[in-house]
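Trainee: Going by this note's numbering, the sequence shown opens with residue 1, and the numbers climb by one from there. For glycine and all other residues, C-beta sits at the position ideal for the given N, C-alpha and C. Predicted, not measured: the structure shown is a model, and the values here were computed from it. Encoded as structure tokens, here's the structure I'll be asking about.
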Amino acid sequence: MFSQIPTNIITGFLGVGKTTAIQYLLANKPENERWAVLVNEFGEVGIDAGLMNNESEVPGVFIKEVPGGCMCCTAGVPMQIALNQLIRQARPDRLLIEPTGLGHPKEVIATLQQPEYSGVLELFCTITLVDVRKLSDNRYTSHETFNQQLQVADLVVAHKTDLYTANAIPELENYLSDHSISTQIKSCSNGQLELSWLDLPSGFKLPINAEVSVSHFHDHPLESEVFPESGFLRKDNRGEGYYSSGWVFSPEFEFNYAELEPLLMGIEAERLKAVLITDEGIFAFNLADSVLKVQALDEVMDSRIEVIGQEPQHWSFLESKLLEISIRL
């Protein structure tokens, strides 16, 4: 056993499949170990932790969420509060941290390297997932966060390799070389990270008193959902050139599945995630690269949907359409 808690950061840009990868790790963890996951989302409506809890019925898994991108604020206060609670409650044998796809991982590393965590946490391999197909898209390669995620990586994992052409990995090698990034490259599909990668050492150290970039996200305490008379809440966020809109509907709402699926397919956004109660059951929806994936779930506390993109006017009609295709029981 380790005297300190082995800690891994699993990072990568929007839509690269971080949640899928963590779900796979949790499903394949050693049976006798307790693992904890701290999840951060850019949007104000937390969805990922609910998906992981639904997907992972593995005993000894503890998941805590910090919505609103505030894990990556320079002060890091929301992250520290959630992290301290998680360590105290879970007493984990391993800790996984998933920053938002728009968060600066250097700020997370800076928090973990603070003196209060010395002797408590030991930072092992930081894994950055990348969809190599995005290297031809200037919206990604010109984004500071996309490149910072590669710079801090102890291991770069080319994800979704089942969708690549034969020259994809050489393209990634050239991109890293052009940006003076020398790190190991592995590849996989469907989130199938190897557990042995987690125990690779961490080589990225921030200099003492180093300045890190500020992620301008909302920084506020988490509050329990109190629904107004309408029965739903809307929460918006913006930062790093992206916008998010999220809705939480009370469990009284039931959505018409036959109309819901084509509605979500037609949304123009970088990412869409949802867990929704429908007349055909409870489902998770995940839209990335114009592909909508649907997964049946066992139970949820309420219905939630989050959209992230650079042009929020493309989903301005979404709230009215969701109300139109739902009934309130």
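1) Enumerate in chain order the residues of its own chain whose CB-to-CB distance from residue 176 is below 8 Å, with the five nearest sequence positions on each side excluded.
2) In its own chain, which residues sit with a C-beta less than 8 Å from the C-beta of residue 310, not counting the 5 before and 5 after it?
3) Mark residue 245 as exposed unless 16 or more other C-beta atoms lie within 10 angstroms of its C-beta, in which case mark it buried.
4) What first and last residue would you give for the beta strand (DSSP E) that runs through residue 278?
5) Give every residue of the same chain whose Cβ lies closer than 6 Å to the Cβ of residue 265, excluding the five residues on either side of it in the sequence, and list them in chain order.
6) Can you check the stretch 162-211 for any beta strand (DSSP E) of at least 3 residues that lies completely inside it and give the ranges in chain order?
7) Inspect the beta-carbon positions of residue 285 and residue 276 and report whether they are closer than 8 Å.
8) For residue 284, which three-state DSSP category applies?
9) By a C-beta neighbour count over all protein chains shown, 10 Å radius and 16 as the cutoff for buried, is residue 105 buried or exposed?
10) Please confirm if the stretch 188-207 is in contact with the stretch 11-25, defined as three or more CB-CB distances below 8 Å between the two stretches.
11) Measuring straight from C-alpha to C-alpha, what distance separates residue 112 and residue 98?
12) Just to confirm my understanding: we take residue 28, look at its own chain, exclude 5 residues before and 5 after, and list those with CB closer than 7 Å. What are they?
13) Under the three-state reduction of DSSP, which class applies to residue 250: helix, strand or coil?
14) Please classify residue 109: does DSSP put it in a helix, a strand, or coil?
15) With a threshold of 16 other CB atoms inside 10 Å of the CB of residue 230, please say whether the residue is buried or exposed.
16) Going by DSSP in three states, residue 159 sits in which element: helix, strand or coil?
17) Cα separation between residue 288 and residue 202?
18) Using 8 Å as the threshold, is the stretch 255-264 in touch with the stretch 117-129, meaning 3 or more CB pairs across them?
Mentor: Let me spell this out:
1) Scanning its chain for C-beta atoms nearer than 8 Å, with the 5 sequence neighbours on each side dropped, one finds around residue 176 the residues 150, 156, 182, 183, 185, in chain order.
2) Within its own chain, the residues whose Cβ lies closer than 8 Å to the Cβ of residue 310, once the five positions on either side in sequence are excluded, are 139, 241, 242, 243, 270, listed in chain order.
3) Note on residue 245: 16 or more other CB atoms within 10 angstroms of its CB, so buried under the neighbour-count rule.
4) Per DSSP, the unbroken beta strand (DSSP E) holding residue 278 starts and ends at 271-278.
5) So the qualifying residues of the chain are 292.
6) Counting whole runs of 3 or more residues, the stretch 162-211 contains the beta strand (DSSP E) stretches 184-188.
7) Yes, Cβ-Cβ distance for residue 285 and residue 276 is below 8 Å.
8) In the structure shown, residue 284 sits in a strand (DSSP, three-state: E or B).
9) Residue environment for residue 105: buried (at least 16 other C-beta atoms within 10 angstroms of its C-beta).
10) As far as the Cβ criterion goes, the stretch 188-207 touches the stretch 11-25, which means the pair count is three or higher.
11) Using only the alpha carbons, I get a separation of about 13 Å.
12) Apart from sequence neighbours up to five positions away, the residues of its chain that approach residue 28 with a beta-carbon distance below 7 Å are 195, ordered along the chain.
13) In the structure shown, residue 250 sits in coil (DSSP, three-state: anything other than H, G, I, E or B).
14) The DSSP-derived three-state label of residue 109 is helix.
15) It is exposed - the Cβ of residue 230 has fewer than 16 other Cβ atoms within 10 Å.
16) Reduced to three states, the DSSP call for residue 159 is strand.
17) Rounded to whole angstroms, the separation of the alpha carbons of residue 202 and residue 288 is 30 Å.
18) These segments do not touch.
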